[in-house]
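Mapping the sequence shown onto this note's numbering, position 100 (from 1) lands on 192, and the numbers just tick up by one. Every residue, glycine too, gets a C-beta built ideally from N, C-alpha and C. Taking it in order: structure first as structure tokens, then the write-up.
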Amino acid sequence: MSGGTSPGRYRAEAARTLTERPGVRAAVTSATDHSNTNRGRAYSEIDSERWRDWARDVKSHVLTHLDHYLEQADASLAANGVRVHWAETAADALTALRGIVRERDLKRAIKGKSMLTEELGVNAHLEGLGVHVREADLGEYIVQMLGQPPTHIVGPAIHLSVADCQRLFHERFGTPLDGSPDLLAKAAREVLRREFLAADLGISGANFLAADTGTIALIENEGNIRLSTSLPRVHVAFVGIEKLVPRLEDVAGFVQLTTRGSTGQPIGNYVSLIQGPRRPGEPDGPEEVHVIMVDNGRTHLLADDEAWEALRCVRCGACLNICPVYRQTGGHAYGWTYSGPIGAIIAPALLGLEQAMPLPFASTLCGACADVCPVRIPIPDLLLHWREQAVDAGLTSTTEAVGLTAYTTAAEHRGLFAAGGAMLRWLPWRLGGRALPILGGWMQERTAPQPSRRSFSSLWKDGIE
Ligand code: SF4
93 MSGGTSPGRY RAEAARTLTE RPGVRAAVTS ATDHSNTNRG RAYSEIDSER
143 WRDWARDVKS HVLTHLDHYL EQADASLAAN GVRVHWAETA ADALTALRGI
193 VRERDLKRAI KGKSMLTEEL GVNAHLEGLG VHVREADLGE YIVQMLGQPP
243 THIVGPAIHL SVADCQRLFH ERFGTPLDGS PDLLAKAARE VLRREFLAAD
293 LGISGANFLA ADTGTIALIE NEGNIRLSTS LPRVHVAFVG IEKLVPRLED
343 VAGFVQLTTR GSTGQPIGNY VSLIQGPRRP GEPDGPEEVH VIMVDNGRTH
393 LLADDEAWEA LRCVRCGACL NICPVYRQTG GHAYGWTYSG PIGAIIAPAL
443 LGLEQAMPLP FASTLCGACA DVCPVRIPIP DLLLHWREQA VDAGLTSTTE
493 AVGLTAYTTA AEHRGLFAAG GAMLRWLPWR LGGRALPILG GWMQERTAPQ
543 PSRRSFSSLW KDGIE
């Protein structure tokens, strides 16, 4: 972000540029349509209302007793032979990682998909230490080759068309320009196999961490996470402190609900339950497992009387898929790791409200996100919560504030309101063929409705007298 440019203006300009990229809108809309259809079917196969109540209650219970469950998880992990590192900030997390890398002289990392590692900037940090890092999820691998961040918390490359990928693979691996998706996947698999075998450090996130058994649960479809966490001699899992569930048996319900909300699958193709390093006599597994427990603003969010509910998120992506804004823009336009509705309600706490602007306003408040969320996060309410705070902090536009103050004053004075209405009915929407300045952007794409010649109250009176 250049000096002197506000975060809001920077984001708005970036969003405008990115939404103009050819093909992004079509690719994102098509991919999210597919996910929405599958989620609808998957929810209809179960008593999804009851499951969602259960998931909301379990996560709310953990979050309101987080100190207890964190201590329990710490003890359970240690009993399993896992080394636990506590990180209050992103810098703390990276320092812990650096210590592990330096002490063991690790040189090559293979990484399963993890949004927390994106949030922390793990790849850039490792590269700065001279460690070669390779993303192992196919979508992540593709965006890594392009030097882009993921565009979606579940589908990192959904903004790309098949033709985009065919061009990229042709340039990188010499596959035919009309190579089938299977052929492209085969080319990537050959490269990644070598990377798996050469890596001495495996990195993952965690979908859930069971406090009672210290089990790290990971869901995936490609098998890359399983290889990343079992082949290299050292495995480091980055775990947000909100990922806890009380009991291992809770994981079974959460895994199914997450995949139903995400891709519409009853369960992911692979679910790994990691219980510590390789034990004597076991044929595979890492020699060391480290868990870096990350706060990085989460306790700040937890301390907010309303916004804390956002911490129930299981990162399924359903709210992105259904959001009419995200479906048009894709994730890059949001200018931050977590895009879509969930990103807009956690950014103010994790980044700071000013840095997060105008994300809480990047929504139509249609409520579709809350309808599909598997853990019943009241996303529209939380968007309004952050908007109120932004107004109180003077972070919204002066024009908007003046307009709303004028409207409030008029609405409280009947005569003024009637006079204002009469003036707006009289005022033409276009002056000399040009849109009124305040409506300029809106009217580039639309035809303004013609105002009624009579006021609502006069029509109402006629109707009832
Ligand atoms: S807010 Fe709800 S719908 Fe959105 S990613 Fe999180 S769990 Fe899924």
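For N388, count neighbouring C-beta atoms within 10 Å of its own C-beta (all shown protein chains included) and say buried if the count is 16 or more, exposed if not. The residue given as residue 388 occupies position 296 in the sequence shown. When all chains shown are included, N388 counts as buried.
How far does the alpha helix (DSSP H) with E48 in it reach, from first residue to last? Given a span of 93 to 557 for the chain in the structure shown, any question on residue 48 remains unanswerable.
Mapping DSSP to helix, strand and coil, what is E492? Locating residue 492 in the sequence shown gives position 400, counting from the first residue. The answer is helix: DSSP assigns E492 an H, G or I state.
Would you give the residue range spanned by the beta strand (DSSP E) that S322 belongs to? Taking the first residue of the sequence shown as 1, we reach residue 322 at position 230. Taken as a continuous stretch (DSSP letters only), S322 belongs to no beta strand (DSSP E), being part of the alpha helix (DSSP H) at N316 to S322.
C-beta contact flag for G423 and S431 at 7 Å: Taking the first residue of the sequence shown as position 1, residue 423 is located at position 331. Taking the first residue of the sequence shown as position 1, residue 431 is located at position 339. Yes; because the gap between Cβ atoms is below 7 Å, this pair is in contact.
Using 10 angstroms around the beta-carbon of N361, count the other beta-carbons present and answer buried if the total reaches 16, otherwise exposed. Here the question's residue 361 lines up with position 269 in the sequence shown. Classification of N361: exposed, given that the 10 Å Cβ count is below 16.
The ligand SF4 heavy atom lying under 6 Å from the CB of A291: Stepping through the sequence shown from its first residue, residue 291 is reached at position 199. Every heavy atom of the ligand SF4 is 6 Å or more from the Cβ of A291, so no.
Kindly list the residues whose CB is nearer than 6 Å to the CB of I308, restricted to its own chain and excluding five residues on each side of it in sequence; keep chain order. Your numbering for residue 308 matches position 216 in the sequence shown. Around I308: A298, L301, A329 and I366.
Closer than 6 Å: C458 CB and nearest the ligand SF4 heavy atom: Looking up residue 458 in the sequence shown gives position 366. No.
Measuring alpha carbon to alpha carbon, tell me which residue in L269, I234, L252 and V347 is nearest P466. Here residue 466 refers to the residue found at position 374 when the sequence shown is read from its first residue. Among L269, I234, L252 and V347, the Cα nearest to that of P466 is on V347.
According to DSSP, simplified to helix, strand and coil, what is N301? Along the sequence shown, one-based indexing puts residue 301 at 209. One point to set straight first is that residue 301 is Leu, not Asn, in the sequence displayed. In the structure shown, L301 sits in a strand (DSSP, three-state: E or B).
Verify whether the separation of the beta carbon atoms of P440 and C461 is less than 7 Å. Mapped onto the sequence shown, residue 440 falls at position 348. Mapped onto the sequence shown, residue 461 falls at position 369. In this structure, C461 does not lie closer than 7 Å to P440 by Cβ.
G294 by DSSP, collapsed to three states: which one? The count along the sequence shown starts at 1 and reaches residue 294 at position 202. The answer is strand: DSSP assigns G294 an E or B state.
Identify every run of the alpha helix (DSSP H) within the region 321-406, keeping only runs that are complete inside it and at least 4 residues long; order them along the chain. 340-354 and 390-394
Check whether the region 144-160 touches the region 321-338, counting contact only when three or more Cβ pairs, one atom from each stretch, lie closer than 8 Å. yes
Classification of K553 by the beta-carbon crowding that lies within 10 angstroms, buried from 16 upward: Here residue 553 is taken as the residue at index 461 of the sequence shown, counted from 1. By the neighbour-count rule (16 or more Cβ atoms within 10 Å), K553 is not buried but exposed.
Here's a check: name, in chain order, each residue in its chain whose Cβ is nearer than 6 Å to the Cβ of E180, leaving out the five neighbours to either side. By 1-based counting over the sequence shown, the position of residue 180 is 88. Answer for E180: D387, listed in chain order.
Spatial neighbours of E105 within its chain, please: C-beta separation below 6 Å, excluding the five flanking residues on both sides. Start at 1 with the first residue of the sequence shown, and residue 105 comes out as number 13. Around E105: no qualifying Cβ.
Report, in whole angstroms, the separation of the C-beta atoms of P452 and R479, which I expect to be a contact under 8 Å. Position 360 of the sequence shown, counted from the start, is the residue given in the question as residue 452. Position 387 of the sequence shown, counted from the start, is the residue given in the question as residue 479. So it is a contact: roughly 5 Å between Cβ atoms.
Is the beta carbon of H217 closer than 7 Å to that of L198? Reading the sequence shown from its first residue, position 106 is the one you call residue 198. Reading the sequence shown from its first residue, position 125 is the one you call residue 217. It is not a contact, given that the beta carbons lie outside the stated cut-off.
Can you check DSSP and say which residues form a bridge with A309? Numbered from its first residue, the sequence shown carries residue 309 at position 217. In DSSP, A309 forms a bridge with F300 and L365.
Looking only at C-alpha atoms, which of P416, R468 and T456 sits nearest to V406? Taking the first residue of the sequence shown as 1, we reach residue 406 at position 314. Among P416, R468 and T456, the Cα nearest to that of V406 is on R468.
Counting only the same chain and skipping the five closest in sequence on each side, list residues whose C-beta sits under 8 Å from that of D304. Locating residue 304 in the sequence shown gives position 212, counting from the first residue. Q164, S168, P338, R339 and L340, listed in sequence order.
Would the C-beta of V343 count as close to the ligand SF4, meaning under 6 Å from any of its heavy atoms? For the purposes of this step, residue 343 is taken as the residue at position 251 of the sequence shown. No, the Cβ of V343 stays beyond 6 Å of every heavy atom of the ligand SF4.
Hey, is G409 close to the ligand FAD, as in C-beta under 6 Å from one of its heavy atoms? The ligand FAD is not part of the structure shown, which contains the ligand SF4 as its ligands.
Which residue's Cα is closest to the Cα of E314: E374, I192, V246 and V326? Along the sequence shown, read from residue 1 onward, the residue named residue 314 stands at position 222. The option with the nearest alpha carbon to E314 is V246.
Beta-ladder partner(s) of E227, from DSSP: The residue given as residue 227 occupies position 135 in the sequence shown. DSSP lists K203 as partners of E227.
Could you tell me whether any Cβ in chain C is nearer than 7 Å to the Cβ of G360? No chain C appears in the structure shown, which is made up of a single protein chain.
Going straight from the alpha carbon of G95 to that of G332, what length do you get? As a first step, residue 95 is located in the sequence shown; it is residue number 3 there, counting from the start. As a first step, residue 332 is located in the sequence shown; it is residue number 240 there, counting from the start. Low local confidence applies: a pLDDT of 39 at G95 is under 50, so the model's placement there is unreliable, and no value is given.
Where A448 falls: helix, strand or coil (DSSP): Residue 448 sits at position 356 when you count from the first residue of the sequence shown. Helix.
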